[in-house]
DNA sequence: TTGTACGCGTTATCAA
DNA sequence: TTGATAACGCGTACAA
């Protein structure tokens, strides 16, 4: 248990003051070259490691950024984290990763803890159960910059880095419409979460621009997981047969996977009986028996852009908040009946 | 930029000493109930957040654990992180996540930084380029507990939590042997990395116990990625046709994926011409046109066990280092010719 | 029940 | 070029 070596200990060994040792180690120029060499040698032999806690206490800067993620094993987020890490590594910031497990309470407590650790900035992707309440409004003035990514809270003046959910959803819906589908169902994500809401908006806009009516019965609520998609699709298939949709647009790929199960169980085939499309280009989408048409989200880009924005906010007081959209790409495969 | 509120500031507002405020906020019993209420109300209205940096400086404890990961977007590691997070959340520790990007130098600097941040413990999974040199030997006596997971450095007395790589590799090789394959190739992982070495050992042991000879030409080196597998397989297929293997055991699934590409390109079919098996049960393995027989690694369990071990080392001086193996499971699918 | 002094490891500032 | 002092925010130990 070799306890940690301090500047003072090195100073004592060398008959110097802690201050001189500090200067030598931090490469200040007002140190005699011989002194510096002695200090560095001693520091090395004693196994000195600077104490960032003490440094940060003085400098009011931790070079640490907190990240709040709703679901680590969701394939999207590790990619985002890789993008974030790419930027923070280069800029010499460390990352404290917290996981809300889709629970608003854990999200709040994570943010509190990050503040206590005096991180220089916080990046948040909201949980499914997050609501835009006073908690977030109070967060706009706490001094530490906050940036949302992927799942955001709108209208409180904080930066938000997303994919273009609305446009992407609109495009893929239009793709279905252009191929002649008329009765299109939507497996709708949580409307309290921005991506759920925006994708639904894109869906509606595509329908209305094509003068197709929105059939409320063909809109079923789901979470972001397979089970939800499965249940939602089953509910739709409980309608009289003549009301069944000829195509389904799911809020994301996992929901689509669940729906595909339900469609298969009902003895229907994809895309002949019912076409289906997703959103997110999950790693599995391409590998399904009938590969899933979906919208690719550049997760890595989202992470990078979000981290860059946050660091700019951290390092430059003049920097202003803004919303940034990263462009999605339509991935056309067989499940929509195209190939 | 409302700078952070301190105990002293609250004290001043209330005409108390900082000490009393501290006691009130930390629920010590020797505070007048009325005083406590006044303090808590004031703290809330002023937006007080305790400064963990200062606390840690005094207590010499950060309730933070550092994690060094070689590749975040490799599907195995996010699962491990989820397991780690599960444990640390419950025990009230925070996680600093660092990413070595498979580079030993980044791994070293990450560890240095974590030490500077005075984390209570460090969890490491080595990069592909890591070598067991003096750097790691020096790490055994630095005071902060270290635990390896998945990719370890042996023989320096630190804990290591892995899946049973050797036995798993042996079992899946035996599975091939039992089905009559005689010329089995191995796409071998980096031998400086424990999993690469152990899986190769398991492979060899299965062969020798079955009295099959190891054909050096059928052992091709690969990294842990698809490209490496692709190249390695191509190299094997450059041998005269009569020397081709009838089965291939890859160090992991991504390498197998790459090899499958090479096999297809050569116009061969799986498993009829060449059977192939992997290791790790990547999320994609099951979804291939010919689902891949592989070894499932309980990544989540590895993370949990590793975190539990580390926290025990952190909290109990008596706790000793040990190696823990989490059991793998053979996932039999079609690529080995069984189904 | 409340307050004062001191130390955690470091750096900024001013003096020598 | 070097050193002494104070301060960062908090908690322990002791005194009032």
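Protein chains in written order, with full-length UniProt numbering: chain U, 1 to 339; chain Y, 1 to 339.
Where a beta carbon is used, it is the ideal one built from N, C-alpha and C, also for glycine.
Between residue 3 of chain U and chain Y, is there a C-beta pair that is closer than 8 Å?
Nearest CB-CB separation between residue 3 of chain U and chain Y: below the 8 Å threshold.
With DSSP as the reference, identify every bridge partner of residue 280 of chain U, one or two as the case may be.
U/296
Might you give, ordered along the chain, the residues of its own chain that have their beta carbon closer than 6 Å to the beta carbon of residue 194 of chain U, omitting 5 neighbours on each side?
151, 152
With distance defined between alpha-carbon atoms, name the residue in Y/220, Y/203, Y/221 nearest to residue 213 of chain Y.
Y/203
Check the C-beta distance from residue 306 of chain U over to residue 147 of chain U and give it rounded, since I have them as a contact under 8 Å.
5 Å
With DSSP collapsed to three states, give me the class of residue 266 of chain Y.
coil
Taking only the alpha-carbon atoms, compute the straight-line gap between residue 223 of chain Y and residue 167 of chain U and give it to the nearest angstrom.
40 Å
Is the region 113 to 128 of chain Y in contact with the region 126 to 140 of chain U, if contact means three or more CB pairs nearer than 8 Å?
no
Could you check whether the Cβ of residue 252 of chain U sits closer than 8 Å to any Cβ belonging to chain Y?
Judged by the 8 Å Cβ criterion, residue 252 of chain U is not in contact with chain Y.
Identify whether residue 73 of chain Y lies in helix, strand or coil by the three-state DSSP scheme.
coil
Spell out whether any CB of chain Y is found under 8 Å from the CB atom of residue 51 of chain U.
For residue 51 of chain U, the answer is yes, since a Cβ of chain Y falls inside 8 Å of its Cβ.
Are the CB atoms of residue 295 of chain Y and residue 239 of chain Y nearer to each other than 8 Å?
no
Tell me which same chain residues have a C-beta within less than 7 Å of the C-beta of residue 145 of chain Y, skipping the five on either side of it?
121, 310, 313, 314
Hey, is the region 277 to 290 of chain Y in contact with the region 317 to 325 of chain Y, meaning 3+ C-beta pairs nearer than 8 Å?
Judged by Cβ distances under 8 Å, the region 277 to 290 of chain Y makes no contact with the region 317 to 325 of chain Y, as fewer than three pairs qualify.
Roughly how many angstroms lie between the CA atoms of residue 84 of chain U and residue 268 of chain U, to the nearest whole one?
42 Å
Tell me whether residue 343 of chain Y sits in a helix, a strand or coil according to DSSP, three-state version.
Residue coverage of chain Y in this structure runs from 1 to 339, which leaves residue 343 of chain Y outside it and unanswerable.
Are residue 140 of chain U and residue 156 of chain U closer than 8 Å when you measure CB to CB?
Note that the C-beta distance between residue 140 of chain U and residue 156 of chain U is below 8 Å.
Under the assumption that residue 25 of chain U contacts residue 43 of chain U (Cβ atoms under 8 Å), give the Cβ distance between them as a whole number of angstroms.
The beta carbons of residue 25 of chain U and residue 43 of chain U sit about 6 Å from each other, so the pair counts as a contact at 8 Å.
Distance cutoff 8 Å, beta carbons only. Does residue 78 of chain U sit that close to anything in chain Y?
yes
Distance cutoff 8 Å, beta carbons only. Does residue 7 of chain Y sit that close to anything in chain U?
no
If the criterion is Cβ atoms closer than 8 Å, does the pair residue 161 of chain Y and residue 247 of chain Y meet it?
no
Evaluate residue 180 of chain U with the Cβ neighbour count: other Cβ atoms within 10 Å of its Cβ, from every protein chain shown; 16 or more gives buried, anything less gives exposed.
By the neighbour-count criterion, in which a residue is buried when 16 or more other Cβ atoms sit within 10 angstroms of its Cβ, residue 180 of chain U is exposed.
On the DSSP letters alone, give me the boundaries of the alpha helix (DSSP H) that residue 188 of chain Y sits inside.
Run containing residue 188 of chain Y: none in the alpha helix (DSSP H); it sits in the beta strand (DSSP E), 184 to 188.
May I ask you to list the residues that DSSP assigns as paired with residue 94 of chain U?
U/64
Indicate the three-state DSSP secondary structure (helix, strand or coil) for residue 162 of chain U in the structure shown.
strand
Quick one: residues in its chain with C-beta nearer than 7 Å to the C-beta of residue 229 of chain Y, no 5 flanking neighbours on either side, listed in chain order?
187, 222, 250, 254, 255, 256, 257, 258, 259
Would you mind telling me which residues of chain U sit closer than 7 Å to residue 73 of chain Y, beta carbon to beta carbon, in chain order?
78, 79, 82
Alpha carbon to alpha carbon, how far is residue 94 of chain U from residue 88 of chain U? Give it in angstroms, no decimals.
7 Å
If residue 297 of chain Y sits next to residue 163 of chain Y, beta carbons under 8 Å apart, how far is it from one beta carbon to the other, in whole angstroms?
5 Å
Please list the terminal residues of the continuous alpha helix (DSSP H) segment that includes residue 146 of chain U.
Premise fails: residue 146 of chain U lies in the beta strand (DSSP E), 146 to 149, not in any alpha helix (DSSP H).
Please report whether the beta-carbon of residue 115 of chain Y lies at a distance below 8 Å from any beta-carbon of chain U.
yes
Looking only at its chain, what residues have a beta carbon closer than 8 Å to the beta carbon of residue 302 of chain U, apart from the 5 residues adjacent to it on each side?
80, 83, 149, 150, 161, 162, 163, 326
Excluding the 5 residues preceding and the 5 following residue 31 of chain Y in the sequence, name in chain order all residues of the same chain whose CB lies nearer than 7 Å to its CB.
Counting only Cβ-Cβ distances below 7 Å, and skipping sequence neighbours, we find 20, 23, 24.
For a quick check, are the C-beta atoms of residue 96 of chain Y and residue 64 of chain Y less than 8 Å apart?
Against a cut-off of 8 Å, the Cβ pair of residue 64 of chain Y and residue 96 of chain Y comes out as a contact.
Excluding sequence positions up to five away, which residues of its chain have a Cβ less than 8 Å from the Cβ of residue 123 of chain Y?
65, 66, 67, 68, 84, 146, 147, 148, 149, 306, 307, 310
Here's a check: name, in chain order, each residue in its chain whose Cβ is nearer than 6 Å to the Cβ of residue 2 of chain Y, leaving out the five neighbours to either side.
At residue 2 of chain Y, the pLDDT of 47 sits below 50, so the modelled position is not reliable; the number obtained from the coordinates is stated separately. The beta carbon of residue 2 of chain Y is closer than 6 Å to none in its chain, skipping five residues each way along the sequence.
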